[in-house]
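Using our numbering, you'd call the opening residue of the sequence shown number 25 and step up by one each time.
Ideal Cβ placement from N, Cα and C applies to all residues, glycine included.
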Amino acid sequence: MPTSVESPNAGVPSEPVRWGGKASAAGTLNLGDLTVNRLGYGAMRITGKGIWGPPANHDASIKTLRRAVELGVNFIDTADSYGPNVSEELIAEALHPYPKGLVIATKGGWERVGPAQWVHNASPKHLREAIDGSLKRLKLDRIDVYQLHVPDPAVSFDASVETLAEAQQQGKIRHVALSNVTLEHLERARKITPIVSVQNRYSFADREWDYLLDHCEKNGIAFIPWAPLGQNREAHDLVEKIAKDLLATPLQVALAWLLRRSPVVLPIPGTSSPTHVEENIAAAALKLPDAAFKQLSAVTPPHASLR
Numbered sequence: 025m026p027t028s029v030e031s032p033n034a035g036v037p038s039e040p041v042r043w044g045g046k047a048s049a050a051g052t053l054n055l056g057d058l059t060v061n062r063l064g065y066g067a068m069r070i071t072g073k074g075i076w077g078p079p080a081n082h083d084a085s086i087k088t089l090r091r092a093v094e095l096g097v098n099f100i101d102t103a104d105s106y107g108p109n110v111s112e113e114l115i116a117e118a119l120h121p122y123p124k125g126l127v128i129a130t131k132g133g134w135e136r137v138g139p140a141q142w143v144h145n146a147s148p149k150h151l152r153e154a155i156d157g158s159l160k161r162l163k164l165d166r167i168d169v170y171q172l173h174v175p176d177p178a179v180s181f182d183a184s185v186e187t188l189a190e191a192q193q194q195g196k197i198r199h200v201a202l203s204n205v206t207l208e209h210l211e212r213a214r215k216i217t218p219i220v221s222v223q224n225r226y227s228f229a230d231r232e233w234d235y236l237l238d239h240c241e242k243n244g245i246a247f248i249p250w251a252p253l254g255q256n257r258e259a260h261d262l263v264e265k266i267a268k269d270l271l272a273t274p275l276q277v278a279l280a281w282l283l284r285r286s287p288v289v290l291p292i293p294g295t296s297s298p299t300h301v302e303e304n305i306a307a308a309a310l311k312l313p314d315a316a317f318k319q320l321s322a323v324t325p326p327h328a329s330l331r
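Now the structure itself:
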């Protein structure tokens with residue numbers, strides 16, 4: 025009997041997956057004692073151009089946040105530097121009083137001083153002020169997940185994490201998390217306090233942090249990827265071909281790959297369009313055929329220094 029070879033088109037849906045669907049179709053994962061659907065929403069893009077100032081279309085940003093929650097998103101990722109402050113303020117305006125089970129994760133330690141400009145500041149003094157500021161803007165008594173946005177080269181990493189652990193003991197934050205870190209950073213932090221998630225740049229086309237994701241999976245730590253399409257043009261050509269075959273969008277395919285890559289992956293696609301948030305969330309129900317998953321997994325991305 026001849027061996028069957030699966031086509032990249034095997035399992036192609038007869039109807040587009042672009043519309044409809046709920047975030048719950050992606051399954052769930054745990055952030056400490058919190059359970060969330062495994063497709064979240066990143067709230068960076070609801071601010072102005074260059075992640076600076078208010079959005080060009082305030083009503084669209086509000087509608088996008090509300091639509092995401094209507095479609096089952098119960099994990100929203102933001103930061104005090106998005107705007108700055110604007111993203112957190114819009115989340116509170118759109119969603120407060122918050123529905124039961126909604127988890128809002130924010131970050132501190134990376135300041136926004138102008139359009140497309142970032143400045144490190146993870147000193148204990150600044151982090152204490154940042155936590156208090158986020159509590160006020162988000163209208164919360166306690167932040168469910170608070171992430172160190174990025175290690176500060178001018179500040180002791182341990183001192184930054186110890187400050188978050190102190191705020192946790194004070195009841196200001198529920199769980200501590202990290203962003204833009206190495207495996208060494210993660211393990212140093214875990215000696216100070218439990219870490220529920222790591223947020224790093226990662227996609228099918230950008231797998232520099234593969235080993236860190238594997239480490240998180242082994243240790244029951246959620247991995248939150250940002251930049252889900254990466255920067256690799258050749259890889260984009262491939263995902264566009266697969267998306268066409270599956271009657272899906274390239275971002276839906278990229279998100280479906282992330283969801284299949286590991287059960288601890290929690291994608292957070294962002295947009296300021298209610299229509300696009302519907303398209304993104306529909307990816308929760310997109311099941312990649314084995315051949316398509318293998319093709320995307322086989323992409324060899326260039327080193328970050330060559331981008």
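Closest in C-alpha terms to Thr295, from the list Val289, Val288, Ile305, Pro287, comes Ile305.
Pro108 has its alpha-carbon roughly 10 Å from the corresponding atom of Pro139. The shortest C-alpha to C-alpha distance from Ala178 to any of Pro148, Leu58, Glu117 is the one to Pro148.
Pairing Leu237 with Ala280 gives a Cβ-Cβ distance that is not under 7 Å. Bounds of the alpha helix (DSSP H) holding Ile86 are 82-94. Of all alpha-carbon atoms in Thr102, Val110, Asp234, the one lying nearest the alpha-carbon of Trp76 is that of Val110. Annotation for Glu232: no alpha helix (DSSP H) segment contains it, and DSSP assigns it neither H nor E. Secondary structure of Thr59 (DSSP, three-state): strand. Glu186 is positioned such that its CB atom lies no closer than 7 Å to that of Ser158. Within its own chain, the residues whose Cβ lies closer than 7 Å to the Cβ of Ala183, once the five positions on either side in sequence are excluded, are Pro148, listed in chain order. By the Cβ-count criterion, Gln193 is exposed, with fewer than 16 other Cβ atoms from all chains shown falling within 10 Å of its own Cβ. The C-beta distance from Pro291 to Pro252 rounds to 6 Å, short enough to fall under 8 Å.
Between the alpha carbons of Phe99 and Arg62 lies a gap of roughly 8 Å. Taking 7 Å as the cut-off, the beta carbon of Leu89 is found no closer than this to the beta carbon of Ala47. Taken through DSSP and simplified to helix, strand or coil, Ile155 comes out as helix. With respect to the 7 Å criterion, Ala49 and Ala259 are not classified as neighbours on the basis of their beta carbons.
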